[in-house]
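Everything on this sheet refers to the single structure shown next.
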Amino acid sequence: MLRAKHNSPHEREIELYTTQFEEDREVIPAGFQVLSNLDRSVLDVNSQLTKRKLPLIADILLKVKEAAPFDYVIFTNMDIALMPYFYDAVFSYLEKGHDALVINRRRISDRYKSVEELPLMYADLGKSHPGFDCFVIKATLLDRFILGEICVGISFLEAALVHNIFSFAENPLYIPDAHLTFHIGMDVLVPRNNAFYKHNRNQFFENIYPKLQPYFELKKFPYSTLPLPKRALKWMLNPSIFTRNYLNLEGKNLWQRTKARLDEVRWRILQK
Numbered sequence: 008m009l010r011a012k013h014n015s016p017h018e019r020e021i022e023l024y025t026t027q028f029e030e031d032r033e034v035i036p037a038g039f040q041v042l043s044n045l046d047r048s049v050l051d052v053n054s055q056l057t058k059r060k061l062p063l064i065a066d067i068l069l070k071v072k073e074a075a076p077f078d079y080v081i082f083t084n085m086d087i088a089l090m091p092y093f094y095d096a097v098f099s100y101l102e103k104g105h106d107a108l109v110i111n112r113r114r115i116s117d118r119y120k121s122v123e124e125l126p127l128m129y130a131d132l133g134k135s136h137p138g139f140d141c142f143v144i145k146a147t148l149l150d151r152f153i154l155g156e157i158c159v160g161i162s163f164l165e166a167a168l169v170h171n172i173f174s175f176a177e178n179p180l181y182i183p184d185a186h187l188t189f190h191i192g193m194d195v196l197v198p199r200n201n202a203f204y205k206h207n208r209n210q211f212f213e214n215i216y217p218k219l220q221p222y223f224e225l226k227k228f229p230y231s232t233l234p235l236p237k238r239a240l241k242w243m244l245n246p247s248i249f250t251r252n253y254l255n256l257e258g259k260n261l262w263q264r265t266k267a268r269l270d271e272v273r274w275r276i277l278q279k
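Add 7 to a position in the sequence shown, counting from 1, and you land on the number used in the working numbering.
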């Protein structure tokens, strides 16, 4: 992040912030502005969970308000690295009128072991990754987000964020295969047979998805501009968006298009 910021002509417009638990303050690197500490974790909201003191995404984004005023928030997972031109690309996308970006990472080999190898990591194109893990969000959208008690570092974090973005952003952009971020390691899916996964999954389907569903529009979701067969295939294969939702949206989209055509026929008849 620091390298990408210092490499950008927009450096003065970019601020890096951290919020943390008290015990983590000593490892915060220079160059980050420190917001107040988090005062709870997923262990405080689910008594069945133990050991992993993971923050809640809603609490993290709430802390961002301490940095106001700001125009956009960028949130990435901790294990995501930025290319040197990352912020320049983000500024270019936002200047085109997008109010949210979802940027997929690329995967590179785990043979890299040191910071000194960063130039080689930058040069390694690696492979694409289907998951969502870097989010650029217009500040005015945050108050509308419904995030429940989803914790970071576990599956369904990305599902919660993208479904909020595609619900409330007016002109979101999905960027599936640009060389803007990367992750060391070629894994795609992480283990799911654990209590933290079940917690996030339950939070999403019980407390988030039902409240967001009325806002869903097919045109805002990934792959919406593709031909129907390819769109359906990609949607069903992506682990962070769901086939049931896709089928509902296709039905809703078909009804809207059919109604628009029937209305046009009615108006033409009335004009004769």
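Just so it is clear, CB atoms sit at the ideal spot from N, CA and C, and this is done for glycine as well.
Since the model is a prediction, treat every value here as computed from it, not as a measurement.
Can you list the beta strand (DSSP E) stretches of 3 or more residues lying completely in the stretch 142 to 202, in chain order? 179 to 182 and 188 to 191
Look up Y204 in the DSSP assignment and say whether it is helix, strand or coil. helix
If we call anything under 8 Å between Cβ atoms a contact, is A146 one with F77? yes
By how many angstroms is the C-alpha of S121 removed from the C-alpha of G104? 38 Å
So, helix, strand or coil for A239, using DSSP? helix
Sequence-distant residues of its chain with Cβ nearer than 8 Å to P179 (five each side left out): H105, D106, A107, L108, V109, I172, F173 and K227
Member of D31, N44 and G138 whose CA lies at the smallest distance from the CA of K241: G138
Top-ranked residue by Cα proximity to T26, from R10, K58, D66 and A37: D66
Classify L196: buried if its beta carbon has 16 or more other beta carbons within 10 angstroms, exposed otherwise. exposed
I248 by DSSP, collapsed to three states: which one? coil
Under a three-way DSSP split, which group does K1 fall into? The requested residue 1 is not part of the displayed model; the chain covers only 8 to 279.
Do you know offhand how far I115's Cα is from D194's? 10 Å
At what residues does the beta strand (DSSP E) containing L108 begin and finish? A107 to I110
Cα-Cα separation between L277 and G133, rounded to whole angstroms: 59 Å
Take the Cβ of D140 as the centre, count every other Cβ of all protein chains shown within 10 Å, and call the residue buried at 16 or more, exposed below. buried
Per-residue DSSP class, three states only, for T232: coil
Cα-Cα, which of F163, Y181 and F223 is closest to R199? F163
Through-space distance from P246 to P217, alpha-carbon basis: 19 Å
Give me the DSSP bridge partner(s) of K134. R114
Based on the DSSP output, what are the partners of I64 in its beta bridges? Answer is none; I64 lacks a bridge partner.
Cut-off 6 Å between Cβ atoms - residues of its own chain near V71, not counting five sequence neighbours on either side: V80
Look at the alpha carbon of A96 and the alpha carbon of K237, and state the distance between them as a whole number of angstroms. 28 Å
Since Q210 and I248 should fall inside the 8 Å C-beta cutoff, what is the C-beta to C-beta distance between them, to a whole number of angstroms? Their Cβ separation, rounded to whole angstroms, is 17 Å, which puts Q210 and I248 out of contact at 8 Å.
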